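Q: The structure under discussion is supplied below as structure tokens; questions concerning it will follow.
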Amino acid sequence: MKVCFIAYVSGIVQGVGFRYFTQQQARALGVSGYAYNMDDGRVEVLVSGDKQQVEKLLEWLKSGPRTAKVERVLIEPRAYKEWVGFEIR
5 MKVCFIAYVS GIVQGVGFRY FTQQQARALG VSGYAYNMDD GRVEVLVSGD KQQVEKLLEW
65 LKSGPRTAKV ERVLIEPRAY KEWVGFEIR
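One gets our numbering by counting positions in the sequence shown from 1 and adding 4 to each.
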């Protein structure tokens with residue numbers, strides 16, 4: 005089953021390689037989408053693909069890389085859309 009979610013990650017998540025590490029995880033899991041630094045200091049992550057793999061990435065976002073300090077992750081479902089690759093915006 006294919007799913008799509010958007011996650012808003014709060015905490016110390018900008019300037020610590022969060023988007024790069026998220027891209028690495030996404031590619032390893034075979035999911036697509038993007039990671040984007042928002043003006044308010046959060047990182048927006050859209051992830052699309054196989055439900056099980058998407059859930060693994062969403063779970064990973066709750067801790068993130070060692071360089072980050074994730075305080076909160078707000079996850080919202082989105083209508084499924086096919087994305088090509090996982091990009092950093």
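Glycine included, every Cβ here is placed at the ideal spot set by N, Cα and C. Owing to the predicted nature of the structure, the values given are computational and were not obtained by experimental measurement.
Given a threshold of 16 other Cβ atoms within 10 Å of its Cβ, counted over all protein chains shown, does residue 70 qualify as buried or as exposed?
A: Stepping through the sequence shown from its first residue, residue 70 is reached at position 66. The residue is exposed, with fewer than 16 neighbouring Cβ atoms inside 10 Å.
Q: For residue 51, count the other beta carbons within 10 Å of its own beta carbon; 16 or more makes it buried, fewer makes it exposed. Which is it?
A: For the purposes of this step, residue 51 is taken as residue 47 along the sequence shown, with counting starting at 1. Residue 51 is buried by the Cβ-count criterion.
Q: Against chain B, does residue 11 count as a neighbour if the rule is that its beta carbon must be under 8 Å from one of theirs?
A: Structure shown: chain B not included; a single protein chain is present.
Q: Going by DSSP, name the residue or residues bridged to residue 48.
A: Translated into positions along the sequence shown, residue 48 becomes position 44. In DSSP, residue 48 forms a bridge with 12, 40.
Q: Within 10 Å of its beta-carbon, does residue 72 have 16 or more other beta-carbons around it, so buried, or fewer, so exposed?
A: Taking the sequence shown and counting its residues from 1, the one referred to as residue 72 is at position 68. With 16 or more Cβ atoms within 10 Å of its Cβ, residue 72 is classed as buried.
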